[in-house]
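Residue numbers (the numbering used here), protein chains in the order written: chain B, 1 to 142; chain F, 143 to 322. Quick reminder that beta carbons are idealized off the backbone N, C-alpha and C, glycines included. Computed from a predicted model, the values in this text were never measured in an experiment. Beneath this line is the structure, given in structure tokens, with notes to follow.
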Amino acid sequence: MTYERFQELAEAYGGEIGRWPAGDRDDAALFMAQEPELARLALEASTDLDILLDAWRAPPASAALQEAILAAAPAPRHRGLNPMAWLWRAGAGAGLAAACAAGLVLGVALSDATQVQPSDDALSAALASYDELSGLGVGEEA
Amino acid sequence: MEDPDEELLARIGQGDPAAVRALMGRKLPRVLALANRMLGDPAEAEDVAQETFLRAWKQAPQWKPGQARFDTWLHRVALNLCYDRLRKRREVSADGLPERPDEGPAPDRGLQAQDVGVRVAAAMRGLPDRQREAIVLCHYQELSNIEAAGLMGVSVDALESLLARGRRALRGALADMAGD
Chain B
1 MTYERFQELA EAYGGEIGRW PAGDRDDAAL FMAQEPELAR LALEASTDLD
51 ILLDAWRAPP ASAALQEAIL AAAPAPRHRG LNPMAWLWRA GAGAGLAAAC
101 AAGLVLGVAL SDATQVQPSD DALSAALASY DELSGLGVGE EA
Chain F
143 MEDPDEELLA RIGQGDPAAV RALMGRKLPR VLALANRMLG DPAEAEDVAQ
193 ETFLRAWKQA PQWKPGQARF DTWLHRVALN LCYDRLRKRR EVSADGLPER
243 PDEGPAPDRG LQAQDVGVRV AAAMRGLPDR QREAIVLCHY QELSNIEAAG
293 LMGVSVDALE SLLARGRRAL RGALADMAGD
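Below, the structure written as structure tokens:
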């Protein structure tokens, strides 16, 4: 890299070669190693300006601006519309319903074996429980 | 093309409110700083930032990965909005109203720490729009020369020329402060 090119880059991009174009940084570092005094002269004025420029701080965003931006953002989707949540709940509901049904069948079989008739109340309660569990699994999302 | 914002955009498209907040937290300071430095007016800068995000929210659900970086697109939108306002100012000024007064500190007041920023802001306002834009994009927004040149629609050589002329003018305007 020539001194002229090193100067041009310093005048355009400032005194920190880390902010220069990526393709020029290695050559610039080599120039700095070979010609440290010339490099220092070229960078000095640009570095002084960089320091001044950095003193100009932009004000932070006000709370009102942040609220206005959030208010205009896309509305959150209803949790019931999330397909993964729907599948999980449907699966859990079906599992509970299956467990309930298996319990019901086992209960009836045991009742037959012991010759004791189930009461209408107990059967109704079991069926109601099944319907309710099935409803929890799928009906909630419908 | 790798885009660090892609994942957030996809989540916003799925209606994830945490992603909305995360994107705002990541981008609002950059957009607001860009508008502040282009316009030099905090109230106008907030208007531009709000409008920029309004457009971002509309765009996010249909953002197509791989075509452009979201940050570059966001800068383009904010810059266009800034230019709309700068154009209107010029029209008003051409109609005979006075230019905005220089808000730099008076010379006999002594230089306070925050005055340096005020002086720099005033000097930046005094630059031609294209030189100011080049310095804002490269120095303050830390965009690469290729990104900045692409946003401005100029070659990298032309960008370098704008940067060098702008920085030379700033050095002249701030010569009394250099090396303090």
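Take the Cβ of residue i as the centre, count every other Cβ of all protein chains shown within 10 Å, and call the residue buried at 16 or more, exposed below.
{"i": "residue 140 of chain F", "result": "The requested residue 140 of chain F does not occur in the structure, where chain F is confined to residues 143 to 322."}
{"i": "residue 188 of chain F", "result": "buried"}
{"i": "residue 283 of chain F", "result": "buried"}
{"i": "residue 30 of chain B", "result": "exposed"}
{"i": "residue 2 of chain B", "result": "exposed"}
{"i": "residue 169 of chain F", "result": "buried"}
{"i": "residue 28 of chain B", "result": "buried"}
{"i": "residue 229 of chain F", "result": "exposed"}
{"i": "residue 40 of chain B", "result": "exposed"}
{"i": "residue 271 of chain F", "result": "exposed"}
{"i": "residue 273 of chain F", "result": "buried"}
{"i": "residue 54 of chain B", "result": "exposed"}
{"i": "residue 147 of chain F", "result": "buried"}
{"i": "residue 160 of chain F", "result": "exposed"}
{"i": "residue 4 of chain B", "result": "exposed"}
{"i": "residue 57 of chain B", "result": "exposed"}
{"i": "residue 128 of chain B", "result": "Its pLDDT being 46, under 50, residue 128 of chain B is placed unreliably by the model, and nothing is read from it."}
{"i": "residue 320 of chain F", "result": "exposed"}
{"i": "residue 275 of chain F", "result": "buried"}
Considering only C-alpha positions, which residue in the set the options is nearest to residue i?
{"i": "residue 144 of chain F", "options": "F/298, F/317 and F/208", "result": "F/208"}
{"i": "residue 318 of chain F", "options": "F/165, F/265, F/306 and F/172", "result": "F/265"}
{"i": "residue 152 of chain F", "options": "F/172, F/184, F/206 and F/284", "result": "F/206"}
{"i": "residue 302 of chain F", "options": "B/65, B/2 and B/20", "result": "B/20"}
{"i": "residue 162 of chain F", "options": "F/188, F/232 and F/202", "result": "F/202"}
{"i": "residue 212 of chain F", "options": "F/187, F/224, F/198 and F/305", "result": "F/198"}
{"i": "residue 165 of chain B", "options": "F/288, F/299, F/164 and F/274", "result": "The question about residue 165 of chain B has no answer here: the residues shown for chain B are numbered 1 through 142."}
{"i": "residue 290 of chain F", "options": "B/55, B/1, B/73 and B/12", "result": "B/12"}
{"i": "residue 307 of chain F", "options": "B/57, B/68, B/14 and B/72", "result": "B/14"}
{"i": "residue 314 of chain F", "options": "B/73, B/52 and B/7", "result": "B/52"}
{"i": "residue 287 of chain F", "options": "B/4, B/74, B/25 and B/56", "result": "B/25"}
{"i": "residue 191 of chain F", "options": "F/227, F/274, F/320 and F/269", "result": "F/227"}
{"i": "residue 42 of chain B", "options": "B/1, B/7 and B/2", "result": "B/7"}
{"i": "residue 194 of chain F", "options": "B/72, B/39, B/27 and B/55", "result": "B/72"}
{"i": "residue 292 of chain F", "options": "F/312, F/316, F/180 and F/210", "result": "F/210"}
{"i": "residue 225 of chain F", "options": "F/299, F/178, F/285 and F/156", "result": "F/178"}
{"i": "residue 278 of chain F", "options": "F/312, F/256 and F/297", "result": "F/312"}
{"i": "residue 10 of chain B", "options": "F/285, F/154, F/281 and F/223", "result": "F/281"}
Contact the stretch 255-273 of chain F vs the stretch 208-223 of chain F: 3+ CB pairs below 8 Å: At 8 Å Cβ cutoff, the stretches do not touch.
So if I threshold CB-CB distances at 9 Å, which residues from the stretch 8-27 of chain B count as touching chain F? Residues of the stretch 8-27 of chain B that bring their beta carbon within less than 9 Å of a beta carbon in chain F comprise 8, 9, 11, 12, 13, 14, 19, 20, 21 and 22, in sequence order.
Between the stretch 44-61 of chain B and chain F, which residues of the former have a C-beta closer than 8 Å to a C-beta of the latter? If the cut-off is 8 Å between Cβ atoms, the stretch 44-61 of chain B has 45, 46, 48, 49, 50, 52, 53, 55, 56, 57, 58, 59, 60 and 61 near chain F.
Are three or more beta carbon pairs between the stretch 60-72 of chain B and the stretch 24-36 of chain B nearer than 8 Å? Per the Cβ contact rule, the stretch 60-72 of chain B is not in contact with the stretch 24-36 of chain B (fewer than 3 Cβ pairs under 8 Å).
Can you confirm whether the stretch 39-46 of chain B touches the stretch 170-179 of chain F when touching is taken to mean that 3 or more C-beta pairs between the two stretches lie within less than 8 Å? Contact between the stretch 170-179 of chain F and the stretch 39-46 of chain B is absent, because fewer than three Cβ pairs lie under 8 Å.
Check each residue of the stretch 213-230 of chain F: if its Cβ is closer than 9 Å to any Cβ of chain B, include it; give the result in chain order. Cβ contacts with chain B come from no residue of the stretch 213-230 of chain F.
Residues of the stretch 191-214 of chain F with a CB closer than 8 Å to any CB of chain B: list them in chain order, please. Going along the stretch 191-214 of chain F in chain order, one finds 191, 192, 195, 196, 199, 202 and 203 with a Cβ nearer than 8 Å to chain B.
The stretch 169-183 of chain F: which residues have C-beta closer than 8 Å to a C-beta of chain B, in chain order? Of all residues in the stretch 169-183 of chain F, 170, 171, 174, 175, 178 and 179 have a Cβ within less than 8 Å of some Cβ in chain B.
Looking at chain B, which residues of the stretch 306-319 of chain F have a Cβ within less than 8 Å of any of its Cβ atoms? Closer than 8 Å at the C-beta level to chain B, one finds these residues of the stretch 306-319 of chain F: 306, 309, 310, 312, 313, 316 and 319.
Near-chain F residues of the stretch 63-76 of chain B - C-beta to any C-beta below 9 Å: Cβ contacts with chain F come from 64, 65, 66, 68, 69, 70, 72, 73, 74, 75 and 76.
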